[in-house]
Amino acid sequence: MNRFCLEQGDTHRVYYLFTHSSFNIIILLVYKRYVFCKYVNVVCSMSLLKNCLFSVCKRTIISRNYIRMTATKCSPEKAKLISSTPVSNSDDCKWIGLEKMVYSDPNGVKREWDCAVRKTRNSGGVDGIGMLTIMKYKDGTPDQVLLQKQFRPPVDGVCIEVPAGLVDANESLETAALRELKEETGYVGKITGKSPIIFNDPGFTNTNMSLMTVEVDMSLPENQSPQTQLEENEFIECFQVPFASLNDELEKLYKQGYRLDARLQNVAHGIEIARTYGL
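Here my numbering is used: the first residue of the sequence shown is 3, the next is one more, and so on.
As structure tokens, this is what we get:
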């Protein structure tokens with residue numbers, strides 16, 4: 003692997019990396035303590051290659067829309083669904099069970115309902131937490147929302163979500179939220195709001211959660227070089243989009259083929275409704 007420094011300033015350095023056997027170029031922009039990455043496939047002379055990369059990197063430096071990424075073990079884009087098989091016995095499933103429920107309707111008629119249930123619910127009665135995470139900057143950068151890309155087999159695609167996770171036994175919702183934020187994104191934040199316990203799809207499952215609002219102060223030392231603590235089976239890619247245009251950004255991602263988490267989309271749509279009606 004060869005590395006050449008194309009540009010160096012007071013706050014940034016631009017490198018390109020390549021192997022002799024490939025013109026698949028990895029462009030690294032080191033800005034302060036952030037590392038930005040861009041991939042380029044170029045077949046041309048080395049002099050033209052340098053000029054091309056230099057131009058790309060210069061545009062990257064001045065672009066406010068360039069997304070800051072945190073390190074991931076492998077891109078979730080590479081995952082794919084191999085097969086799907088009906089399960090006759092839910093005991094074979096580790097996380098989810100299927101129950102036949104019997105209830106009485108308002109007229110006293112006995113009826114049945116099929117329900118998917120979580121097997122991991124602890125004694126606290128709450129399955130999980132999600133974090134609407136707002137990145138706060140002191141250098142004039144507008145507020146950003148921290149989002150994630152994660153392959154979800156049930157929807158056979160990469161889903162755009164907020165950081166989230168399950169609540170451990172004897173763990174408060176607040177503690178679980180900050181723990182999951184640190185593990186999945188590497189960032190340290192503070193909770194500024196908490197929703198009541200909400201149900202994701204009450205006609206189908208008893209799964210519930212609380213949606214937290216979290217602020218991350220990007221000027222703090224602990225947030226300069228975030229390091230994730232992902233489990234072996236977690237492949238999560240974090241990125242940021244402007245809070246002010248969250249709904250528009252999600253629309254763009256949807257058109258690119260990404261699946262949208264309903265909770266995140268509902269927040270974005272709620273912001274647009276508030277703007278429309280002047281709330």
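Idealized CB from N, CA, C, for every residue including glycine.
Could you give the first and the last residue of the continuous alpha helix (DSSP H) run that contains residue i?
i, result
"G272", "A264 to T278"
"A179", "L175 to T187"
"E224", "Unbroken run through E224: none, as it is neither H nor E."
Would you decide whether residue i is buried or exposed? Buried here means 16 or more other CB atoms lie within 10 Å of its CB.
i, result
"N67", "With a pLDDT of only 38 at N67, under 50, the local geometry of the prediction cannot be trusted, and the value read off the model is given with reservation. That one is exposed."
"I275", "exposed"
"C240", "buried"
"G142", "exposed"
"S23", "Summary for S23: the model assigns pLDDT 39, below 50, so the residue's position carries little reliability; its value from the coordinates is reported in the next sentence. So S23 ends up on the exposed side."
"L83", "exposed"
"E114", "exposed"
Please state whether the Cβ-Cβ distance between residue i and residue j is less than 7 Å.
i, j, result
"E186", "I136", "no"
"V128", "V169", "yes"
"V160", "Y256", "no"
By how many angstroms is the C-alpha of residue j removed from the C-alpha of residue i?
i, j, result
"Q242", "D116", "39 Å"
"A158", "K96", "The residue asked about is misnamed: residue 158 is Asp in this sequence, not Ala. Roughly 20 Å between the two C-alpha positions."
"G272", "Y279", "11 Å"
"A178", "I200", "16 Å"
"Q231", "E182", "9 Å"
"N197", "P156", "Looking at the sequence itself, residue 197 is Ser, so the reference to Asn does not match. Spanning the two alpha carbons is a distance of roughly 26 Å."
"G126", "L100", "21 Å"
"P88", "M220", "46 Å"
"E224", "G188", "9 Å"
"L213", "N91", "32 Å"
"K2", "L262", "This structure leaves residue 2 out entirely; the chain is present only between 3 and 281."
Taking the alpha-carbon of residue i as reference, which of the options has the nearest alpha-carbon?
i, options, result
"G195", "G188, L262 and E176", "E176"
"L248", "S86, L100, P88 and L148", "L148"
"K102", "F206, E79, I131 and L83", "F206"
"Y139", "N202, D250, I131 and F245", "F245"
At which residues does the beta strand (DSSP E) containing residue i begin and terminate?
i, result
"L232", "No beta strand (DSSP E) contains L232, which DSSP labels as neither H nor E."
"Y256", "That residue, Y256, is in no beta strand (DSSP E); its alpha helix (DSSP H) goes L248 to K257."
"V190", "Counting along the chain, V190 falls outside any beta strand (DSSP E), and DSSP gives it neither H nor E."
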